[in-house]
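If you count the sequence shown from 1, position 71 lands on 705 in the numbering used here, and the numbers rise without skipping. Virtual Cβ for every residue (Gly too), placed ideally from N, Cα, C. Here the structure is a predicted model, which means the values were calculated and not measured.
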Amino acid sequence: MNRMQIGVVETGRLSLVPLAVEHAEEMAEALSDPALHAFIGGTPQRPQALRARYERWVAGSPDPSEVWWNWVIRLREERRLTGTVQATITRTERGRAAEVAWVVGTPWQGRGIATEAARGLIAWLQEKDVQVVRAHIHPDHRASAAVAAAVGLAPTGHRHEGEIRWSCR
635 MNRMQIGVVE
645 TGRLSLVPLA
655 VEHAEEMAEA
665 LSDPALHAFI
675 GGTPQRPQAL
685 RARYERWVAG
695 SPDPSEVWWN
705 WVIRLREERR
715 LTGTVQATIT
725 RTERGRAAEV
735 AWVVGTPWQG
745 RGIATEAARG
755 LIAWLQEKDV
765 QVVRAHIHPD
775 HRASAAVAAA
785 VGLAPTGHRH
795 EGEIRWSCR
């Protein structure tokens, strides 16, 4: 699959910056609240563990049939990294499909950052000829479901590992 380079995606308040290993220390702090992991799983990671994860992500998928695109969310006004957005791109019978995800650190939640970042990501993906956009959301994660609905995704009857698949309307 095309290993197209990603660039910075600008929205009203945010810059979605291609993820780099050097973001690990600031992101470890941004994602350090254990409550943040209630629905996404895992626990907060120390900078060195996050650095190792980011090294894998930056290297790209070992599966040639999929591409990983990852960004950090920079809130320009505060000059802070506040979370991440990501898309895993595959080919389907309908064309390119993206499995998207977002996470925003607890101190920045409730400010529309996840919605703005997801909206910017999906608009960018559509410009890159991605026809299908999906997200998998825990059925009890109301905030993430609200983001998905706000960016034009709707729940489907499909479940995967306990999560509901949301897809383009």
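Endpoints, beta strand (DSSP E) assigned at residue i
i	result
Gly720	Before going on, a small fix: residue 720 reads as Gln here, not Gly. Unbroken beta strand (DSSP E) run through Gln720: 714–726.
Pro652	648–652
Val706	701–709
For residue i, the three-state DSSP class (helix, strand or coil)
i	result
Ile640	coil
Met635	Residue confidence for Met635 is low, a pLDDT of 47 falling below 50, so the modelled location carries little weight and cannot support an answer.
Val785	coil
Thr790	strand
Trp758	helix
Thr749	helix
Pro698	coil
Pro812	As displayed, the chain neither begins before 635 nor continues past 803, which places residue 812 out of reach and without an answer.
Residues that DSSP places opposite residue i in a beta bridge
i	result
Val766	Ala731
Ile771	Ile798
Val737	Thr718
Distance cut-off 7 Å: residue i Cβ against heavy atoms of the ligand NAD
i	result
Gly746	The model depicted lacks the ligand NAD and carries no ligand whatsoever.
Residue of the options minimising C-alpha distance to residue i
i	options	result
Ser699	His792, Arg725, Leu709, Trp705	Arg725
Trp702	Pro696, Thr740, Thr722	Thr722
Val767	Pro773, Val785, Gln743	Val785
Gln639	Val734, Ala777, Glu727, Lys762	Lys762
Leu787	Val738, Glu733, Asp667	Glu733
Ser801	Arg776, Ile771, Ala777	Ile771
Ala672	Pro789, Arg776, Trp691, Thr645	Arg776
Arg728	Gly641, Asp667, Gln765	Gln765
Ser666	Arg708, Gln760, Gly739, Trp758	Gly739
Run of the alpha helix (DSSP H) containing residue i, from where it starts to where it stops
i	result
Val692	681–693
Ala662	658–664
Ala672	671–674
Specify whether the stretch 714–721 and the stretch 649–663 touch according to this definition: at least 3 beta carbon pairs, one from each stretch, less than 8 Å apart.
yes
Taking contact to mean 3 or more Cβ pairs, one atom from each stretch, closer than 8 Å, check whether the stretch 779–792 and the stretch 741–754 are in contact.
yes
Count the C-beta pairs between the stretch 783–797 and the stretch 680–687 that are closer than 8 Å, then say yes if the count reaches three, no if not.
no
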